[in-house]
Amino acid sequence: MLASYRTKATSGIGPSGSLHETARLLEHVNWRAGFASAPTSAAHSVPALRHLPIALARMGEGASPDMQEAVRAVIGYALWQTFYADSDWTRPFLADIACATLVGPAGIVRSDEVALGLFLLGPHTTYHEHAHGLDEVYHVASGRAEWRFDHELNRQAFGLGEIVHTERDQRHDIRTGTAPILCPYTWTNDPAAVTYHRIDRPWGVGKVVEPPLVG
Ligand SMILES: [Fe+2]
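The numbering used here puts the sequence shown at residues 42 to 256.
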């Protein structure tokens with residue numbers, strides 16, 4: 042996965058500065074110590090995992106060999122969660138979202154500087170508009186989805202191998218089509234920052250709400 046990030050960064054695809062910095066941070070985490078003491082079972086049921094077999098199968102149909110190798114190497118350690126607890130805001134997509142934090146402040150491998158995990162979103166699902174005080178990079182390993190940034194009309198599709206960069210406090214949502222999407226993700230610039238959304242539009246003046254998280 043690090044090799045893939047470096048290749049993308051040096052080829053000018055995606056946010057090269059951010060990817061270089063992310064790769065540098067990941068190279069300094071203590072992988073061996075973290076995985077040696079990794080727990081082996083998730084604490085919560087995660088309905089979205091019913092989408093994981095098809096996502097992994099489709100990854101095998103087109104993702105790069107290094108991406109496939111990286112995902113398969115860590116999938117057995119992944120402690121999947123819904124990330125969010127039930128609320129009015131999360132209910133429309135809660136049965137179709139799953140995250141597994143591998144590296145990070147609450148990860149199997151501890152780091153306060155960078156988080157790395159896996160993200161799964163089922164088909165025909167919209168992960169509603171939100172933002173967070175951190176930089177988020179998704180690397181699409183399976184499927185295809187649309188990200189909407191900042192504005193109703195600014196919607197872009199991303200597929201296999203592509204990098205999606207969401208800047209700190211940039212509002213965004215994710216909408217899938219007929220297939221689930223599986224993405225390694227990284228968070229930098231305060232990976233412990235909270236996720237929030239707003240009610241009572243417009244976005245810039247709406248009340249800020251921090252949806253409850255699992256655990
Ligand atoms: Fe996000």
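Note that beta-carbon positions come from the ideal geometry of N, C-alpha and C, so glycine has one too. The structure displayed is predicted, hence computed values, not measured ones.
- In this structure G184 is buried. Its beta-carbon is surrounded by 16 or more other beta-carbon atoms within 10 angstroms.
- For A64, the secondary structure class from DSSP, reduced to helix, strand or coil, is helix.
- Contact holds between the stretch 219-228 and the stretch 184-198, because three or more Cβ pairs, one in each stretch, are under 8 Å apart.
- Checking the DSSP bridge columns, you'll see I222 partnered with L162.
- In this structure, DSSP gives H69 a state outside helix and strand, which the three-state scheme calls coil.
- With 16 or more other CB atoms across the displayed protein chains lying within 10 angstroms of its CB, R99 is buried.
- Between F134 and Y168, the CB-CB gap stays under 8 Å.
- S59 sits close to V178, with the two beta carbons spaced by under 8 Å.
- In the structure shown, the three-state DSSP call for L90 is helix.
- The criterion of a C-beta distance shorter than 8 Å is satisfied by L175 and D231.
- Note on geometry: alpha-carbon atoms of Y125 and P252 lie some 7 Å from one another.
- Comparing alpha carbon positions, the residue from A198, R212, V181, E203 closest to H192 is R212.
- E203: not part of any alpha helix (DSSP H); DSSP gives it neither H nor E.
- If you look at A111, you'll find it in the alpha helix (DSSP H) that goes 106-115.
- The Cβ atoms of Y237 and V249 lie closer than 8 Å to each other.
- Burial is judged here by how many other beta carbons sit within 10 angstroms of a residue's own beta carbon; A198 has fewer than 16 and is exposed.
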